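*Asks:* Under the numbering used here, residues 3 to 230 are what the sequence shown spells out, in order.
Supplied in structure tokens, the structure appears directly below.
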Amino acid sequence: MDLQQEQQQWWIRWQEGRIGFHLPEVNPLLIRHVHSLATDTHPNERSCILVPLCGKSKDLIWLQSHFHKVIGVELVPQAVEAFFEENQITPTYSLRDSFATYLHGNLALLQGDIFQMSSKYLEDHPIQAIFDRASLIALPDKLRKNYVALLRSLGSSNTKLLLVTLAYEEGTISGPPHSIPENKIFELFAFATNIEQLEKQDILPESPNFQKAGLRWAYEAVYLITFP
Ligand SMILES: C[S@@+](CC[C@H](N)C(=O)[O-])C[C@H]1O[C@@H](n2cnc3c(N)ncnc32)[C@H](O)[C@@H]1O
């Protein structure tokens with residue numbers, strides 16, 4: 003599948019409502035670990051957080067009351083529209099080069115391809131924190147290195163990334179979600195000054211699709227990754 007087809011698949015998924023990844027509530031892992039994103043120089047309430055491939059996640063709303071500025075990036079217009087509609091928010095809208103920009107309070111939701119993102123879209127908001135839940139694992143292998151390099155370029159010195167990933171027995175299902183085991187995380191983020199696994203949970207018991215596919219193991223892992 004080429005890159006255009008990959009992206010089309012996301013449009014189709016949203017159109018057909020195949021969005022099993024969407025949680026109806028704020029991600030409990032975010033609530034549990036948000037404090038780890040803070041640093042001495044940048045407590046969360048003074049930081050700008052980037053949420054790449056954000057879908058219509060409720061996390062964006064929750065983050066608004068914990069961070070100074072929240073920037074979400076999502077490819078599919080339907081997801082962005084659903085986010086505002088379901089949360090009864092009327093944003094202001096403008097079009098800027100590669101991104102349709104929706105603003106509301108301290109939230110900026112940029113609709114477009116994350117790979118078109120650059121610091122010019124961050125205005126005067128250096129990124130001190132990043133929350134990636136099911137974003138890295140949504141991308142095919144060939145894009146992951148570029149995605150990580152992009153996050154690094156958008157971040158600033160000492161940026162902290164809270165990363166929620168999956169790993170499962172490979173062979174029987176083809177993602178997304180893709181399996182990214184620990185060794186791959188350490189490879190992808192070899193430039194980091196610190197990689198800490200905060201949590202690792204067996205998710206097979208509550209994953210009927212994985213069970214049906216005959217997987218013998220699957221886990222969700224949370225990492226805190228510090229950029230140089
Ligand atoms: C697995 S979902 C995760 C959504 C969100 N992080 C959550 O926790 O609900 C991945 C999302 O990334 C979006 N996406 C895929 N490719 C993208 C790209 N190149 N740029 C921006 N968003 C993209 C998809 O439309 C989808 O909403």
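A virtual CB, placed ideally from N, CA and C, is assigned to each residue, including glycine.
For clarity, every value in this text was computed on a predicted model and none was experimentally measured.
1. Can you find at least 3 beta carbon pairs, one from the segment 48-61 and one from the segment 124-143, that sit closer than 8 Å?
2. Are L111 and G74 closer than 7 Å when you measure CB to CB?
3. Counting beta carbon pairs with one atom in the segment 185-198 and one in the segment 22-32, are three or more of them shorter than 8 Å?
4. Is the beta carbon of L163 closer than 7 Å to that of I116?
5. Taking the Cβ atom as the reference point for each residue, do L200 and V224 lie within a distance shorter than 7 Å?
6. In chain order, which continuous runs of the alpha helix (DSSP H) of length 4 or greater are located wholly inside the segment 98-163?
7. Could you check where the beta strand (DSSP E) with N196 kicks off and where it finishes?
8. If you compare alpha carbons, which of N196, P179, E198, K60 is closest to Y221?
9. Anyone know if the C-beta pair for Q118 and S96 falls short of 7 Å?
10. Does the Cβ of W12 lie closer than 6 Å to at least one heavy atom of ligand 1?
11. Take every Cβ of the segment 79-96, pair it with every Cβ of the segment 142-160, and state whether three or more of those distances are shorter than 8 Å.
12. Answer yes or no: the CB of D115 versus the heavy atoms of ligand 1, is any distance below 6 Å?
13. Are the CB atoms of S38 and H70 within a distance shorter than 7 Å?
14. Is there at least one non-hydrogen atom of ligand 1 closer than 6 Å to the beta-carbon of F23?
15. If I follow the unbroken alpha helix (DSSP H) through A223, where does it start and stop?
16. Roughly how many angstroms lie between the CA atoms of Y170 and K144, to the nearest whole one?
17. So who's on the other strand from V166, going by DSSP bridges?
18. Keeping to the same chain, check which residues put their C-beta closer than 6 Å to that of W219; ignore five residues upstream and five downstream.
19. May I have the straight-line CA-CA distance separating T161 from A131, to the nearest angstrom?
20. Compute the Euclidean distance between the alpha carbons of L62 and T167, then round it to the nearest angstrom.
21. With 16 other CB atoms within 10 Å as the buried threshold, where does K147 fall?
22. Using the three-state DSSP reduction, which class does I73 fall into: helix, strand or coil?
23. I need the straight-line Cα distance from T174 to N108, nearest angstrom please.
*Replies:* Working from what's here:
1. By the Cβ test, the segment 48-61 is in contact with the segment 124-143, since at least three Cβ pairs between them sit closer than 8 Å.
2. Yes, Cβ-Cβ distance for L111 and G74 is below 7 Å.
3. A contact is defined here as three or more CB-CB pairs under 8 Å, and the segment 22-32 fails this definition with respect to the segment 185-198.
4. L163 is positioned such that its CB atom lies no closer than 7 Å to that of I116.
5. Going by C-beta atoms, L200 is nearer than 7 Å to V224.
6. Qualifying alpha helix (DSSP H) stretches, in chain order: 143-156.
7. DSSP places N196 inside the beta strand (DSSP E), whose first and last residues are 196-204.
8. For Y221, the closest C-alpha among the options N196, P179, E198, K60 is that of P179.
9. No, they are not a contact pair.
10. The answer is yes for W12.
11. Segments in contact, no.
12. Inclusion of D115 in the 6 Å shell around ligand 1 follows from its C-beta lying nearer than that to a non-hydrogen atom of the ligand.
13. Using a Cβ distance threshold of 7 Å, H70 and S38 do not count as a contacting pair.
14. At a cut-off of 6 Å, the beta-carbon of F23 counts as near ligand 1: some heavy atom of the ligand is closer than that.
15. Looking at the DSSP string, A223 is not in any alpha helix (DSSP H); the run it does join, the beta strand (DSSP E), is 220-228.
16. Each residue's CA atom was taken as its position, placing Y170 and K144 some 19 Å apart.
17. DSSP, once it has assigned bridges, lists R135, V224 as partnering V166.
18. Taken in chain order, the residues that qualify are E171.
19. For T161 and A131, the distance between alpha carbons rounds to 5 Å.
20. Taking the straight line from one Cα to the other gives about 18 Å.
21. That one is exposed.
22. I73: strand per DSSP, three-state reduction.
23. Going from the Cα of T174 to the Cα of N108 covers about 43 Å.
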